[in-house]
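To start, the structure itself, in C-alpha cells.
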Amino acid sequence: MAHTTIPVHAATFSAEVLKSDRPVLVDFWASWCGPCLMMEPVLEELADELHDRLKITKLNTESPDEQQLAMLYRVQSIPNMKLFKDGKVIAEFIGYRPKDVLKQELEEALQE
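Set out below in C-alpha cells:
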C-alpha cells in the first residue's frame, strides 16, 4: 500500500500534527509557488519511504483559515517545511530540496 501526504486544515491541524504519536512534517505551500510544486513528488516519495517513522502533511497557505496557522508558525517564504515532534517544531527546511538531501536532513533531525 502506498502512503501519501495528508492534507491538513485549521480544523484538523491539532489532531493530525500537534497531537500525533509520530513526528510530522508539515509542508506549508501554495499552488502558485513553482518550488512548492517541485517539492510535491519528493514529499510523496518520502511519505511512502518513511511512513513508519514520520507523517508528512500539506497545508495550503492560500486558504484564509490556514493563513492564520502560517502566521502563527512564522512562515515567511514557501515552500517551508516544519518538523513537529510532541507538538513542537524541532526543525525547519525552507526552499526546494532534492529528495536525498531532505531525507538526510529529516533522518538527522529525527535522531536528535
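The UniProt record's numbering puts the sequence shown at residues 1 to 112. Just so it is clear, CB atoms sit at the ideal spot from N, CA and C, and this is done for glycine as well. Note that the structure is predicted; figures quoted are calculated from it, not measured.
Beta-carbon separation (whole angstroms), residue i vs residue j, contact threshold 8 Å
i, j, result
"THR57", "GLU105", "So it is not a contact: roughly 17 Å between Cβ atoms."
"LEU83", "PRO23", "6 Å"
"LYS55", "ILE94", "Their Cβ separation, rounded to whole angstroms, is 20 Å, which puts LYS55 and ILE94 out of contact at 8 Å."
Same chain only: Cβ atoms within 8 Å of residue i, ignoring 5 sequence neighbours per side
i, result
"ARG97", "MET39, VAL42 and GLU105"
"LEU50", "ILE56, LYS103 and LEU106"
"CYS36", "ASP27, TRP29, ALA30, ILE78 and PRO79"
Buried versus exposed, by CB contacts within 10 Å (16 or more), residue i
i, result
"ILE90", "exposed"
"TRP29", "buried"
"THR12", "exposed"
"MET81", "buried"
"ASP21", "exposed"
"LEU69", "buried"
"PRO79", "buried"
"ASP100", "exposed"
Reduced DSSP secondary structure (H/G/I, E/B, other) of residue i
i, result
"ASP48", "helix"
"LEU54", "coil"
"VAL75", "coil"
"VAL17", "helix"
Test: residue i CB closer than 7 Å to a CB of chain E
i, result
"MET81", "Included in the structure is just one protein chain, with no chain E present."
Residue interval of the beta strand (DSSP E) (run including residue i)
i, result
"residue 120", "Any question about residue 120 goes unanswered here, given that the chain covers just 1 to 112."
Endpoints, alpha helix (DSSP H) assigned at residue i
i, result
"GLU108", "99–111"
"LEU69", "64–72"
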